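Those protein sequences? They're chains R and Z, same order as listed.
Positions 0 to 249 (numbering that gives the first Met the number 0) are the ones given, in order, by the first sequence.
Positions 0 to 254 (numbering that gives the first Met the number 0) are the ones given, in order, by the second sequence.
Heads up, the beta-carbon is just placed ideally off N, CA and C, and yes, glycines get one too.
From a predicted model like this one, the values you see are computed outputs, not experimental measurements.
First the structure, in the form of structure tokens, and then the observations on it.
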Amino acid sequence: MGSIRLEGISKKYDSLKVLRKINWEIKEGEFMVLVGPSGCGKSTLLKTILGVLKPSSGNIYIDGKMILDIPISERNIGFVPQNFGLFPHLSVFDNISYGLRIRKVKRDTIKTQIKKLLEMLKIDNLENRKPHELSWGQQQRVALARALAIGPNILLLDEPLSSVDWITRWNIAHEIKKIQEKLRITTIYVTHDIDEAFELGHRITIMNEGRLEQCDSPENLIKNPINSFVSNYVYQGKESKRRKIMNEIN
Amino acid sequence: MISLAIIFALFMIISIFYLITAIRYGSLIVKNLFSTKVILALWVSIASSTIVMAISLLFGIPLSWVLAHKDFKSKSVIETLIVDVPHSFPPGVVGTVYLLMFQSSDLFGMILEALGFQLINTFWAMILVKTFISAPFLVSILTAKLRDIRKSELEIIAKSLGASDFKVFITITYPLSKKTIVAGSARCWARALGEIAGTIVFAGAIIPGITQTMPAIIVFEAQTSLPEALTLALILASFSITILVILKVIMERSD
Numbered sequence: 000m001g002s003i004r005l006e007g008i009s010k011k012y013d014s015l016k017v018l019r020k021i022n023w024e025i026k027e028g029e030f031m032v033l034v035g036p037s038g039c040g041k042s043t044l045l046k047t048i049l050g051v052l053k054p055s056s057g058n059i060y061i062d063g064k065m066i067l068d069i070p071i072s073e074r075n076i077g078f079v080p081q082n083f084g085l086f087p088h089l090s091v092f093d094n095i096s097y098g099l100r101i102r103k104v105k106r107d108t109i110k111t112q113i114k115k116l117l118e119m120l121k122i123d124n125l126e127n128r129k130p131h132e133l134s135w136g137q138q139q140r141v142a143l144a145r146a147l148a149i150g151p152n153i154l155l156l157d158e159p160l161s162s163v164d165w166i167t168r169w170n171i172a173h174e175i176k177k178i179q180e181k182l183r184i185t186t187i188y189v190t191h192d193i194d195e196a197f198e199l200g201h202r203i204t205i206m207n208e209g210r211l212e213q214c215d216s217p218e219n220l221i222k223n224p225i226n227s228f229v230s231n232y233v234y235q236g237k238e239s240k241r242r243k244i245m246n247e248i249n
Numbered sequence: 000m001i002s003l004a005i006i007f008a009l010f011m012i013i014s015i016f017y018l019i020t021a022i023r024y025g026s027l028i029v030k031n032l033f034s035t036k037v038i039l040a041l042w043v044s045i046a047s048s049t050i051v052m053a054i055s056l057l058f059g060i061p062l063s064w065v066l067a068h069k070d071f072k073s074k075s076v077i078e079t080l081i082v083d084v085p086h087s088f089p090p091g092v093v094g095t096v097y098l099l100m101f102q103s104s105d106l107f108g109m110i111l112e113a114l115g116f117q118l119i120n121t122f123w124a125m126i127l128v129k130t131f132i133s134a135p136f137l138v139s140i141l142t143a144k145l146r147d148i149r150k151s152e153l154e155i156i157a158k159s160l161g162a163s164d165f166k167v168f169i170t171i172t173y174p175l176s177k178k179t180i181v182a183g184s185a186r187c188w189a190r191a192l193g194e195i196a197g198t199i200v201f202a203g204a205i206i207p208g209i210t211q212t213m214p215a216i217i218v219f220e221a222q223t224s225l226p227e228a229l230t231l232a233l234i235l236a237s238f239s240i241t242i243l244v245i246l247k248v249i250m251e252r253s254d
């Protein structure tokens, strides 16, 4: 469950075109990384899939079914925003169990499910704390656990690690990848960091000025960049998996 | 900068101190506290302010929510008209506008007359004026708070987790804005309690137990007996501060 198809998605604010006729396909269980410079429309695209924004034109299909008329609360999409968005007045347990309580799941079932998630994300000693008592890394894990608790078909992560330090970011990014591979949830991971994109993505989509420039495997992006923007974007950055691939090719 | 701040702080403290000096008229305070006129005026002031606060909450919370969450054409113009302009309107002007609006030769006055209602110089005239003047004190700070909550995207996350608009309001928006609602209600209540000019113009403010409020008595007494006015002011201020402190305690305990 969870293939996504976008057909001709555009978004305009008055005369400003934020998304330009986007066609995009994400396979079931795939870890797709969406990468591009700040302001290129990544978050707008993600929020359009989530259902917060309505596209000016085009259609979105999940598992072949058009979802534009389905309200956000019924799309069953897990979402982790840039600032984690933990409910500050609720404990860790209540944050993670929020979606299940809304669905009126039995209390015992909630406890069992949340316990499993807390253990999986290594935050089982934090359930009674409030968000402001947590470190950035812990907050990120709680936000991920909350999104996973509802058993989503799709997981959208909007630059979830942009505000944590480099080492924490690297560790959590790999944990996210492991969890995704275990649960096989179709995931779109937004970042502006090309190294993070190469480290995580089954496929990577490079976006610029509201357009999808290229959607391909990490290897193909390096071997066959479609234009100079992709080529320049891929070649920037630090030592990474990208460099390893480049070395192997050479 | 610091010296200007000190001058202003001294000005405020001295003003409050002079109100407290009314304690020297101890026997007059006791006499006034038990006079029927003062009890009735206190009752009218507190009852009318509480009704105004309730009306402001009933309409002000949905209005603030719409202003914070919905984007529509001319929104800023409408917001200026219904929130900012009433803030800057002199209350006497408000009373005069309502006098014109509800006179028997005008549309609203004719409608009320046809329905058998007389609004001018009644308790409800006072409620109308006070609501116009006081409700923006709640709406302005609540709208700002709800905008902050909207920007935080917490409501979007709650929706993505399956919550309906109503559930989002009950479980996220309300708990996060509760303190602001209480603070805004207190400001609205205090403004309604102190309102005088609009009430005198539109409601008369002379019928004991119906339209005569404490501020009205204070204004009238100040023309003839300063000690009388000062003691009444102290009584009103004491009641007002006590109620505001109670609200603050309730707010802190609810956390």
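Residue i versus residue j: straight-line alpha-carbon distance, rounded
| i | j | result |
| --- | --- | --- |
| Ser163/Z | Ile60/Z | 18 Å |
| Phe165/Z | Ser184/Z | 22 Å |
| Gln138/R | Val167/Z | 21 Å |
| Ile311/Z | Arg128/R | Residue coverage of chain Z in this structure runs from 0 to 254, which leaves residue 311/Z outside it and unanswerable. |
| Arg210/R | Leu18/R | 6 Å |
| Ser159/Z | Ile132/Z | 39 Å |
| Lys237/R | Leu199/R | Residue placement at Lys237/R is flagged as unreliable, the pLDDT there being 47, under the threshold of 50; a coordinate-derived value is accordingly withheld. |
| Val29/Z | Leu233/Z | 11 Å |
| Pro207/Z | Ile1/Z | 47 Å |
| Trp165/R | Pro217/R | 21 Å |
| Thr20/Z | Ser14/Z | 10 Å |
| Glu73/R | Ile77/Z | 33 Å |
| Val229/R | Leu141/Z | 47 Å |
| Ser55/Z | Thr130/Z | 7 Å |
| Leu27/Z | Gln211/Z | 20 Å |
| Ile184/R | Gly1/R | 7 Å |
| Val163/R | Ile171/R | 10 Å |
| Phe88/Z | Arg186/Z | 17 Å |
| Ile221/R | Lys176/R | 22 Å |
| Leu117/R | Ile203/R | 30 Å |
| Lys150/Z | Ser134/R | 22 Å |
| Asp263/Z | Ala143/Z | Absent from the model: residue 263/Z. The displayed extent of chain Z is 0 to 254, so no value can be given. |
| Ile38/Z | Arg100/R | 51 Å |
| Gln213/R | Leu175/Z | 42 Å |
Residue-level contact to chain C via CB, residue i, 9 Å cutoff
| i | result |
| --- | --- |
| Val91/R | No chain C appears in this structure, whose protein chains are R and Z. |
Same chain, Cβ closer than 6 Å to residue i, five either side skipped, listed in chain order
| i | result |
| --- | --- |
| Pro135/Z | Val82, Pro85 and His86 |
| Gly108/Z | Phe101 and Gln102 |
| Phe10/Z | none |
| Leu111/Z | Leu118 |
Beta-carbon spacing of residue i, residue j below 9 Å
| i | j | result |
| --- | --- | --- |
| Asp215/R | Asn207/R | no |
| Met213/Z | Leu229/Z | no |
| Pro54/R | Thr47/R | yes |
| Ala146/R | Leu154/R | yes |
| Ile113/R | Ala142/R | no |
| Pro159/R | Val79/R | yes |
| Glu126/R | Phe92/R | yes |
| Ile66/R | Ile187/R | no |
| Lys41/R | Asp157/R | yes |
| Gly197/Z | Gly115/Z | no |
| Gly94/Z | Gly98/R | no |
| Ile61/R | Arg4/R | yes |
| Pro226/Z | Tyr24/Z | yes |
N- and C-terminal bounds of the alpha helix (DSSP H) containing residue i
| i | result |
| --- | --- |
| Phe7/Z | Ile1 to Ile19 |
| Phe107/Z | Leu106 to Ala113 |
| Phe30/R | No alpha helix (DSSP H) contains Phe30/R, which is instead part of the beta strand (DSSP E) from Phe30 to Val34. |
| Lys69/Z | Run containing Lys69/Z: none; DSSP gives neither H nor E here. |
| Ile8/R | Counting along the chain, Ile8/R falls outside any alpha helix (DSSP H), though it belongs to the beta strand (DSSP E) covering Ile3 to Tyr12. |
| Phe228/R | Ser227 to Tyr234 |
| Ile249/Z | Leu225 to Arg252 |
| Val93/Z | Pro90 to Met100 |
| Val82/Z | Per DSSP, Val82/Z belongs to no alpha helix (DSSP H) and is neither H nor E. |
| Asn261/Z | The structure shown does not extend to residue 261/Z, since chain Z is modelled only from 0 to 254, so the question has no answer here. |
| Ile221/R | Pro217 to Lys222 |
Own chain partners of residue i with C-beta closer than 8 Å, once the 5 adjacent residues on each side are dropped
| i | result |
| --- | --- |
| Leu127/Z | Tyr97, Leu118 and Phe201 |
| Leu235/Z | Leu41, Ser44, Leu192, Met213, Pro214 and Ile217 |
| Ile50/Z | Ile126 |
| Thr172/Z | Trp64, Leu145, Ile148 and Glu154 |
| Gly28/R | Gly1, Arg183, Ile184 and Thr185 |
Start and end residues, beta strand (DSSP E) containing residue i
| i | result |
| --- | --- |
| Glu24/R | Leu15 to Ile25 |
Spatial neighbours of residue i in its chain, beta-carbon cut-off 7 Å, leaving aside the 5 residues before and after
| i | result |
| --- | --- |
| Thr43/R | Lys10, Val17, Leu18 and Leu52 |
| Pro70/R | Gly50 |
- Query: What are the start and end residues of each continuous alpha helix (DSSP H) run of 4 or more residues lying completely inside the segment 135 to 210 of chain Z, in chain order?
  - Reply: Counting whole runs of 4 or more residues, the segment 135 to 210 of chain Z contains the alpha helix (DSSP H) stretches 153 to 159, 164 to 167, 173 to 193 and 196 to 202.
- Give, in chain order, every unbroken run of the beta strand (DSSP E) that is at least 3 residues long and sits entirely within the segment 133 to 210 of chain R. The segment 133 to 210 of chain R contains these whole beta strand (DSSP E) runs: 153 to 157, 185 to 190 and 202 to 207.
- Where in the segment 46 to 132 of chain R do unbroken runs of the beta strand (DSSP E), each at least 3 residues long, occur, reported from the N-terminal end onward? If one requires a minimum length of 3 residues, the beta strand (DSSP E) runs lying completely within the segment 46 to 132 of chain R are 56 to 61 and 76 to 79, in chain order.
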